[in-house]
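What follows is a set of notes on a single structure, which appears directly below.
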Amino acid sequence: RQEGSEMKNIVDEREKSIRRTVLIVDDEEINREILGFMVGGEYDVIYAENGRVALEIINEKRNVLSLILLDLLMPEIDGYEVLKTLKRDPALKRIPVIVLTSEKNAEVESLKLGAVDFIPKPYDIPDVILARISRSIELAEDRYILNSTETDPLTGLYIKEFFFIHADRYKRFVSDGKTDAIVVNVNKLHLINELKGRACGDAVLVGIASKIKDLAKEAGGLACRFAGDCFYIYADSQSDETYSEWTDELAAAANAITHDLRLTVRIGIYRSDDENEIIEQIFDRATIACNSIRQHGVKFAVYDGKMREKEVYGERLLADFPNALSEKQFKVYYQPKYAVKGEKPKICSAEALVRWIHPELGFISPAAFIPLLENNGLISELDKYVWKTAAEFVGRTKRERGVAVPVSVNVSRVDLYISDLPELLAKTAEESGIETKELYLEITESAYSENSDRIIEVVGQLREKGFIIEMDDFGSGYSSLNTLADLPIDVLKLDMRFIRNICEREKDHMLVKLMIDAAKVMEIPTVAEGVETEEQLELLKADGCDIVQGYYFSKPLPEEAYGELLTREG
105 RQEGSEMKNI
115 VDEREKSIRR
125 TVLIVDDEEI
135 NREILGFMVG
145 GEYDVIYAEN
155 GRVALEIINE
165 KRNVLSLILL
175 DLLMPEIDGY
185 EVLKTLKRDP
195 ALKRIPVIVL
205 TSEKNAEVES
215 LKLGAVDFIP
225 KPYDIPDVIL
235 ARISRSIELA
245 EDRYILNSTE
255 TDPLTGLYIK
265 EFFFIHADRY
275 KRFVSDGKTD
285 AIVVNVNKLH
295 LINELKGRAC
305 GDAVLVGIAS
315 KIKDLAKEAG
325 GLACRFAGDC
335 FYIYADSQSD
345 ETYSEWTDEL
355 AAAANAITHD
365 LRLTVRIGIY
375 RSDDENEIIE
385 QIFDRATIAC
395 NSIRQHGVKF
405 AVYDGKMREK
415 EVYGERLLAD
425 FPNALSEKQF
435 KVYYQPKYAV
445 KGEKPKICSA
455 EALVRWIHPE
465 LGFISPAAFI
475 PLLENNGLIS
485 ELDKYVWKTA
495 AEFVGRTKRE
505 RGVAVPVSVN
515 VSRVDLYISD
525 LPELLAKTAE
535 ESGIETKELY
545 LEITESAYSE
555 NSDRIIEVVG
565 QLREKGFIIE
575 MDDFGSGYSS
585 LNTLADLPID
595 VLKLDMRFIR
605 NICEREKDHM
615 LVKLMIDAAK
625 VMEIPTVAEG
635 VETEEQLELL
645 KADGCDIVQG
655 YYFSKPLPEE
665 AYGELLTREG
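In this note's numbering, the protein residues as written are 105 to 674.
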């Protein structure tokens, strides 16, 4: 088979130079030295003086060992027990064992326990011993090829088991000892499967795998498809600039197939200069680096010690999330928005913001748990909880006061792909006793850049249901004033990064004024968030901003405190 022939040349020409490793197990030092002298010219040699030491080495070097030369009569643990242990473990059973013995009866028993051959004592002609070792290794490797599928049937890359074995051998033959473990992950590939079907998703994987194979070859390494949309590369150490280029090339390979659905790729890297590091462990660390990428636009991350602490913390939060949701550890806070067009600012609505009050960890920052939930496909569960909680609050205050004060809730990118989202939100409003126009929906500007046709269609359906759509964080860089008129929105919410410096930086002030003027042309109101000073407020009022939100008026308040504020302000 073609795959079988590839095994003999794992990493192009470099594989030809790989020496197999032989473990010699004998309690007599002189015997170990004689055998080591005989085979040391052809193989790397490791020694063990008894069965206990041998088993420790075998477990540690299982991916390195090509053959074991095993004496039978030894103290502590003898050769028979070693054979029995190997036979019980499928991963160790594949390592061929040649028994060293002078007893005929021992040969028969050893073969029953899994030995592949025997070398009689006293040791004879070195060439004969070498021939037996070589034949046993070749037969074992051929058997491994026949009994296992070494490549992923879809992408043609190695499967992880085969990859780990040869990556472990590969690292010992890098000239300077510096290698990189690289994890490549395709962001949101599941959306392709859902929207365009499994065949399109598979085509994306094949395209990316082809590019990964080329990149690995250029870097003198090897690659595998680890699982789903995750790939591993093990290669000579590369520069940060190279990895930045890799993310662009891989994303281009994916988007050449999807066209209208924009996919991105993230890369996690662990740099290794210690040939004794365990392969599985260094890829675990590269995975941690890959998972640490939270910010939009960050292409790759290199592992450092702090990442492990964050990973453990994140795992704790993910494990606690289901109980936190059912026990209502998540609290919805409300930050009031003030209409500033009249003589006196007046509360006109509020934004719902979620906080996690953990019984053991205390207050958990949204910056810690929201990206974590987004990256693990759980954000929609939290969003639905916030929608329901906020809608019920608006309903209660409406019944108590006879008038509704609307609340805006966040709708994430992932939420926009919920098939029945308009119906779900409309039902939430209805069950809470409010009209859809009393529950505002905030959608970030960046969401419109991903599969814009799909997003515009869904947002249009939400508006038809009567929901008010606020474009959040406008000015963050994804839309232009030219395209703004084509987007289905009712309110323009300005990115607080511009508001922060409008009094100090004329450029920021001019940009904010330009956005406000554009909204006036479209006849939609503007909201400025992050207002902290009277000077900022007066400047925004002079520019024609309609609504402001920020610490100048109020920080986000718990439900009870916000209700009291509504009562005081009438």
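C-beta atoms are modelled at their ideal positions from N, C-alpha and C, and glycine is treated no differently.
Which residue marks the beginning of the alpha helix (DSSP H) containing residue i, and which one marks its end?
i, result
"leucine 176", "Element bounds for leucine 176: n/a, residue is neither H nor E."
"glycine 667", "663-673"
"tyrosine 489", "483-505"
"valine 616", "610-626"
"threonine 391", "383-395"
"glutamate 639", "638-647"
"phenylalanine 141", "133-143"
"proline 526", "525-535"
"serine 556", "556-568"
"leucine 319", "302-322"
Provide the residue(s) that pair with residue i in DSSP beta bridges, ordered along the chain.
i, result
"methionine 575", "Ile547, Leu596"
"threonine 283", "Asp340, Ser376"
"aspartate 148", "Thr125"
"tryptophan 460", "Phe434, Ile468"
"phenylalanine 335", "Val288, Arg329"
"tyrosine 442", "Ile451, Val652"
"threonine 255", "Tyr262"
"arginine 604", "Answer is none; arginine 604 lacks a bridge partner."
"phenylalanine 404", "Ile371"
Buried or exposed: which applies to residue i, given that a residue is buried once 16 or more other Cβ atoms fall within 10 Å of its Cβ?
i, result
"lysine 216", "exposed"
"isoleucine 468", "buried"
"glycine 446", "exposed"
"phenylalanine 387", "buried"
"glutamate 254", "buried"
"threonine 532", "buried"
"tyrosine 655", "exposed"
"valine 506", "Before going on, a small fix: residue 506 reads as glycine here, not valine. Its Cβ having fewer than 16 others within 10 Å, glycine 506 is exposed."
"methionine 411", "buried"
"lysine 275", "buried"
"aspartate 130", "buried"
"asparagine 209", "exposed"
"methionine 142", "buried"
"leucine 486", "buried"
"arginine 672", "exposed"
"arginine 123", "exposed"
"alanine 405", "buried"
"isoleucine 229", "exposed"
"glutamate 180", "exposed"
Does the beta-carbon distance from residue i to residue j come in below 8 Å?
i, j, result
"valine 290", "aspartate 333", "yes"
"leucine 204", "valine 186", "no"
"phenylalanine 643", "isoleucine 620", "Looking at the sequence provided, one finds leucine at residue 643 rather than phenylalanine. The answer is no: Cβ separation not under 8 Å."
"valine 369", "threonine 391", "no"
"proline 200", "serine 238", "no"
"tyrosine 336", "alanine 327", "yes"
"tyrosine 374", "alanine 357", "no"
"glutamine 439", "leucine 457", "yes"
"glutamine 653", "lysine 441", "yes"
"valine 310", "leucine 258", "yes"
"valine 631", "leucine 598", "yes"
"alanine 339", "aspartate 284", "yes"
"leucine 670", "serine 658", "no"
"isoleucine 628", "isoleucine 603", "no"
"leucine 566", "leucine 529", "yes"
"isoleucine 559", "leucine 520", "yes"
"alanine 494", "valine 511", "yes"
"isoleucine 694", "leucine 171", "The requested residue 694 is not part of the displayed model; the chain covers only 105 to 674."
"alanine 244", "arginine 198", "yes"
"valine 676", "valine 490", "Residue numbering for the chain in the displayed model covers 105 to 674; residue 676 lies beyond these limits and cannot be assessed."
"asparagine 395", "glycine 409", "no"
"lysine 569", "threonine 540", "yes"
"valine 498", "glutamate 542", "yes"
"aspartate 175", "glycine 183", "yes"
"leucine 139", "leucine 173", "yes"
Which residues bound the beta strand (DSSP E) around residue i?
i, result
"asparagine 514", "511-514"
"leucine 326", "326-331"
"valine 690", "The chain is shown from 105 up to 674; residue 690 falls before or after that span and cannot be answered."
Kindly indicate if chain D contains any beta-carbon less than 8 Å away from that of residue i.
i, result
"glutamate 381", "Protein chains in the displayed structure number just one, and chain D is not present."
Query raised in the report: Can you list the alpha helix (DSSP H) stretches of 4 or more residues lying completely in the region 150-227, in chain order?
Result: 155-164, 183-192, 194-197, 208-216
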